[in-house]
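Shown next, in structure tokens, is the structure this report addresses.
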Amino acid sequence: MRIQKMIVPMAVSAASLVLSGNAMAESWRMALGDAAGGTQYELGTTFAALIEEKTDGEVTVELFPNGQLGSEQDTINNASMGLLDLSVLAINNITPFSPTVGVMTLPYVIQSPEDARTLTQGEIGTELTDNTIRDAGVRILGWAYSGCRRLTNSARPVASPADLDGLNIRVPRNEIMISSYQAWGVNPLPLAWSETFTALQQGVVDGQDNPYITIDAMKFYEVQDFVTDSCYVFSLEPLIMSESRFQGLSPEMQALVLEAGQEATAHSYDYLLETESSIKQRLVEEHGMEIIQPADGEREWIEMATAIWPDFYDSIGGKEKLDEVLAALGREPAPAE
Ligand code: MLT
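Throughout, this note's numbering is defined as the position within the sequence shown, counted from one, plus 86.
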């Protein structure tokens, strides 16, 4: 894919170019950690089309899928320094930079697309957006909803945590996810997303977890045979913009960018609901994956993993923050320590 970017001085915002009628086009670069075809791509292309339409073609957005612009965590650093305009990445890769976001990756907090929408589009989402601006220098413009993370592996059917014994599992570099696997009795290998397919292919690791849509987009079915139909974390993939880039835009252009982010988010939600079950079916029927139901309705997985919640209260803003999130989802407060 062509890499091209016009150098526009920060003081001369896109809006001043677009809205004043000066005919000088501008192109923004958007990094995607995933391959083309998944929810990141869908959100990215929708946002790009909306920006182009809303600016009458004065601003275009060029997508660079498959980690071409660096690992997902690298793209946060680059956006934060103003070296990259936009990135779509998994929320678990933002948490190391902005720990309060971790409330979204605590195991078994978000249990459905509806839960994910309630949190991202309510007060909690606004607060986490403010926190990532403050902590990481990036602004969340929108969200891709990718579905529950499902455990895949190449060795054997896994129905209960004991079945993980002896398996080498890749996890993102995210303390909450590392601890979740430790609670299930394994020591996972933290590895960048950009290295995951190769590690699975070369047998460096036996398994990993990601949503059905991502398993399909990344062609993990070529190197993984078994999927456990678990739902320990819901994969949210924010579209972030460099805050310095955003602040360089005129108020009109900022409003337009925020509006495009909201519209692309609404589309992403519908896209998940419309496609997930057919993608799951395709993984079985066309790609020969075997889907295993977690034993006992996932009870043991849930009990073991939620026991780690208190270890992260300090980083997410206290037990009160988790209780606030659970209340927003109509659930009981977390058990007293
Ligand atoms: C990860 O496992 O690191 C991410 O969830 C992958 C992704 O961005 O889709």
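By construction, the Cβ of each residue, glycine as well, lies at the ideal position given by its N, Cα and C atoms.
Every value quoted in this text rests on a predicted model; they were computed, and no experiment measured them.
Proximity test, residue i beta-carbon vs the ligand MLT heavy atom, cut-off 6 Å
| i | result |
| --- | --- |
| Ala-122 | no |
| Ala-176 | yes |
| Trp-279 | yes |
| Thr-300 | yes |
| Gly-119 | yes |
| Pro-193 | no |
| Pro-182 | no |
| Pro-185 | no |
| Pro-258 | yes |
Pair within 7 Å by beta-carbon distance, residue i and residue j
| i | j | result |
| --- | --- | --- |
| Gly-153 | Thr-300 | no |
| Ala-278 | Tyr-231 | no |
| Arg-256 | Leu-275 | yes |
| Ser-246 | Ala-381 | yes |
| Arg-225 | Phe-332 | yes |
| Thr-361 | Phe-306 | no |
| Arg-235 | Pro-193 | no |
| Leu-170 | Thr-181 | no |
| Asp-120 | Ala-303 | yes |
| His-353 | Thr-132 | yes |
| Ala-341 | Leu-136 | no |
| Ala-248 | Ala-391 | no |
| Ala-117 | Ser-198 | no |
| Ile-378 | Pro-185 | no |
| Ile-177 | Leu-322 | yes |
| Asn-179 | Glu-158 | yes |
| Ser-364 | Gly-168 | no |
| Glu-148 | Ser-113 | yes |
| Ala-165 | Ser-328 | yes |
| Leu-155 | Gly-233 | no |
| Ala-111 | Pro-151 | no |
Supposed close pair residue i, residue j - CB separation, criterion 8 Å
| i | j | result |
| --- | --- | --- |
| Leu-253 | Gly-293 | 6 Å |
| Leu-408 | Trp-387 | That belief does not hold up - the Cβ atoms of Leu-408 and Trp-387 are roughly 19 Å apart, past 8 Å. |
| Leu-129 | Gly-228 | 6 Å |
| Gly-188 | Ser-401 | 6 Å |
| Ile-262 | Thr-191 | 5 Å |
| Glu-139 | Thr-146 | Not really, about 11 Å apart at Cβ, beyond 8 Å. |
| Met-375 | Val-319 | Met-375 to Val-319, Cβ: 20 Å. No contact. |
| Gly-205 | Ala-420 | Checking the displayed sequence, the identity of residue 205 turns out to be Leu instead of Gly. Leu-205 to Ala-420, Cβ: 15 Å. No contact. |
| Ser-240 | Gln-310 | 5 Å |
| Ile-264 | Val-411 | Not confirmed; about 21 Å, so no contact. |
One or two residues paired with residue i in a DSSP bridge
| i | result |
| --- | --- |
| Val-224 | Ser-328 |
| Pro-182 | Note: Pro-182 sits in no beta bridge, so no partner. |
| Pro-276 | Val-257 |
| Trp-114 | Val-147 |
| Leu-237 | Asp-295 and Thr-314 |
| Glu-376 | Phe-312 |
| Leu-172 | Met-116 and Met-327 |
| Leu-322 | Tyr-231 |
The ligand NAD heavy atom lying under 6 Å from the CB of residue i
| i | result |
| --- | --- |
| Glu-209 | The model on display carries the ligand MLT but not the ligand NAD. |
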